[in-house]
Amino acid sequence: MIYQIPWIYTPVRSVLAIWNQLSKTEIPELTKTSVMMRERSRVEETISDMQRAGACSLQVISDFDMTLTRFARDGKRVPTTHNILNNRLLINEDCTKKMRELLNKYYPIEIDARLSSEEKLPLMVEWWTRVHELLIQQRIRKDMLAHAVKESSSMLRDGYRGFFDPLAEHQVPLLIFSAGVGDVLEEVIRQNHVFHPNIHIISNYMDFDHTGTLRAFKGQLIHSYNKQEGALSHAASLRELQDRPNVLLLGDSLGDLSMSDGVSEPRNILTVGFLNDQ
12 MIYQIPWIYT PVRSVLAIWN QLSKTEIPEL TKTSVMMRER SRVEETISDM QRAGACSLQV
72 ISDFDMTLTR FARDGKRVPT THNILNNRLL INEDCTKKMR ELLNKYYPIE IDARLSSEEK
132 LPLMVEWWTR VHELLIQQRI RKDMLAHAVK ESSSMLRDGY RGFFDPLAEH QVPLLIFSAG
192 VGDVLEEVIR QNHVFHPNIH IISNYMDFDH TGTLRAFKGQ LIHSYNKQEG ALSHAASLRE
252 LQDRPNVLLL GDSLGDLSMS DGVSEPRNIL TVGFLNDQ
């Protein structure tokens, strides 16, 4: 039986605690006022079924920016993987200004609950394409990415080791779908010392020439509203995901709900949504 659980909305301060409770009989996180569920009984039934099946049947599929990373700290926004590139060592002031203008134009559209995914899709393609064109024009150096991440205020959510490390210990695959920049995403995880072998990433990766200079982005563009296509085309090729019918799905937008579409014969899909902005 497939349980499509309504999203559990959690605030920025919440950590990814549900996984830590899968082996316990009580889940205190579900009683917090910051956690919202349409049907709590269905959520509890799903978690119980996932408990009985064990870690060998589980896979985790997650967004990255503002899901595995924090949305804000002390009232200030934490940079996304694209924003981390907003570094004077990588891009000039004019590029920074143009990227900010694009953010101010398209981000309100991305989070507008009154618009359908179909209405948002072409605008998201337009946004990501224009940003990538700007970045390519800057001829970003590959050897400067690690320094840019280190200088940034990017951070994973509080308690991130209690999420990443147990998944690796129990050999539970963690598939990260991101509309951000894969090279930067990897560096953020690496600098936090949780880039374990169980992690697989589908994102927008930079294509560097023989001198280490950005010349293009590889493959199909991934944005917040076409993750279904990425799920269907990539998940089937990952052998580690086979025979794991229980899915913990983490995201912060309605577009993230489609990330599990590539799962073969799912039994339970528990969706957890982070309500960062509205």
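Under this note's numbering, the first residue of the sequence shown is numbered 12, with each subsequent residue one higher. The C-beta atom is built at its ideal place from N, Cα and C for all residues, glycine as well.
For V205, which three-state DSSP category applies? Here residue 205 is taken as the residue at index 194 of the sequence shown, counted from 1. Residue state, collapsed to three classes: coil.
Terminal residues of the continuous alpha helix (DSSP H) containing T57? As a first step, residue 57 must be located in the sequence shown, where it is residue number 46. The continuous alpha helix (DSSP H) containing T57 extends over residues 51-64.
Which stretch, first to last residue, makes up the beta strand (DSSP E) that contains G191? Numbered from 1 along the sequence shown, position 180 holds the residue referred to as residue 191. Taken as a continuous stretch (DSSP letters only), the beta strand (DSSP E) holding G191 covers 185-192.
Evaluate Q70 with the Cβ neighbour count: other Cβ atoms within 10 Å of its Cβ, from every protein chain shown; 16 or more gives buried, anything less gives exposed. Locating residue 70 in the sequence shown gives position 59, counting from the first residue. It is buried - the Cβ of Q70 has at least 16 other Cβ atoms within 10 Å.
By how many angstroms is the C-alpha of D263 removed from the C-alpha of L101? Taking the first residue of the sequence shown as 1, we reach residue 101 at position 90. Taking the first residue of the sequence shown as 1, we reach residue 263 at position 252. If I take the Cα positions, the gap works out to 28 Å.
Can you tell me whether R168 is buried or exposed, with buried defined as 16 or more other CB within 10 angstroms of its CB? Position 157 of the sequence shown, counting from 1, holds the residue named residue 168. With 16 or more Cβ atoms within 10 Å of its Cβ, R168 is classed as buried.
Grab the span of the beta strand (DSSP E) containing V258 for me, first residue to last. In the sequence shown, counting from the first residue as 1, residue 258 sits at position 247. Segment 257-262, the beta strand (DSSP E) holding V258.
Assuming A159 and N103 are in contact, meaning their beta carbons sit under 8 Å apart, how far apart are those beta carbons, in whole angstroms? Start at 1 with the first residue of the sequence shown, and residue 159 comes out as number 148. Start at 1 with the first residue of the sequence shown, and residue 103 comes out as number 92. Contact doesn't hold; Cβ gap of about 14 Å is too wide.
Go to N115, then tell me how far its alpha helix (DSSP H) extends in each direction, as first and last residue. Residue mapping note: residue 115 aligns to position 104 of the sequence shown, counting from 1. Element bounds for N115: 104-121.
Need the endpoints of the beta strand (DSSP E) that T282 sits in, please. Walking along the sequence shown from the start, residue 282 turns up at place 271. Per DSSP, the unbroken beta strand (DSSP E) holding T282 starts and ends at 279-285.
May I have the straight-line CA-CA distance separating L260 from G284, to the nearest angstrom? The count along the sequence shown starts at 1 and reaches residue 260 at position 249. The count along the sequence shown starts at 1 and reaches residue 284 at position 273. For L260 and G284, the distance between alpha carbons rounds to 8 Å.
Confirm, please, whether the CB-CB distance from L225 to K153 is below 9 Å. Taking the first residue of the sequence shown as 1, we reach residue 153 at position 142. Taking the first residue of the sequence shown as 1, we reach residue 225 at position 214. A Cβ-Cβ contact shorter than 9 Å links K153 with L225.
Distance between R111 and V195 (C-alpha atoms, nearest Å): By one-based count along the sequence shown, residue 195 stands at place 184. By one-based count along the sequence shown, residue 111 stands at place 100. Those two C-alpha atoms are separated by around 19 Å.
Confirm, please, whether the CB-CB distance from S68 to R255 is below 9 Å. What you label residue 255 is simply residue 244 of the sequence shown in a count that begins at 1. What you label residue 68 is simply residue 57 of the sequence shown in a count that begins at 1. Yes, Cβ-Cβ distance for R255 and S68 is below 9 Å.
Count the other CB atoms within 10 Å of the CB of T222; is the residue buried (16 or more) or exposed (fewer)? On the sequence shown, residue 222 is found 211 positions in, with the first residue counted as 1. T222 is classed as exposed because its beta carbon has fewer than 16 other beta carbons within 10 Å across all chains shown.
For K229, does the three-state DSSP call read helix, strand or coil? Along the sequence shown, one-based indexing puts residue 229 at 218. Under the three-state reduction of DSSP output, K229 falls in the coil class, being neither helix nor strand.
If you draw a straight line from the C-alpha of R150 to the C-alpha of R141, how long is it? Start at 1 with the first residue of the sequence shown, and residue 150 comes out as number 139. Start at 1 with the first residue of the sequence shown, and residue 141 comes out as number 130. Looking at the two C-alpha atoms, the distance is approximately 15 Å.
Between F219 and A227, what straight-line distance do the alpha-carbon atoms span, to the nearest angstrom? Counting from 1 along the sequence shown, the entry for residue 219 is found at position 208. Counting from 1 along the sequence shown, the entry for residue 227 is found at position 216. Answer to the nearest angstrom: the Cα atoms are 7 Å apart.
Cα-Cα separation between L286 and E251, rounded to whole angstroms: Here residue 286 corresponds to residue number 275 of the sequence shown, with the count starting at 1. Here residue 251 corresponds to residue number 240 of the sequence shown, with the count starting at 1. L286 and E251: Cα-Cα distance of roughly 30 Å.
Should S271 be labelled buried (16 or more other beta-carbon atoms within 10 Å of its own) or exposed? On the sequence shown, residue 271 is found 260 positions in, with the first residue counted as 1. Burial of S271 is indicated by the presence of at least 16 other C-beta atoms within 10 angstroms of its C-beta.
Would you check if the distance between the CB atom of V183 and the CB atom of N215 is smaller than 9 Å? Counting from one through the sequence shown, the residue named residue 183 turns up at place 172. Counting from one through the sequence shown, the residue named residue 215 turns up at place 204. Taking 9 Å as the Cβ cut-off, V183 and N215 do not qualify as a contacting pair.
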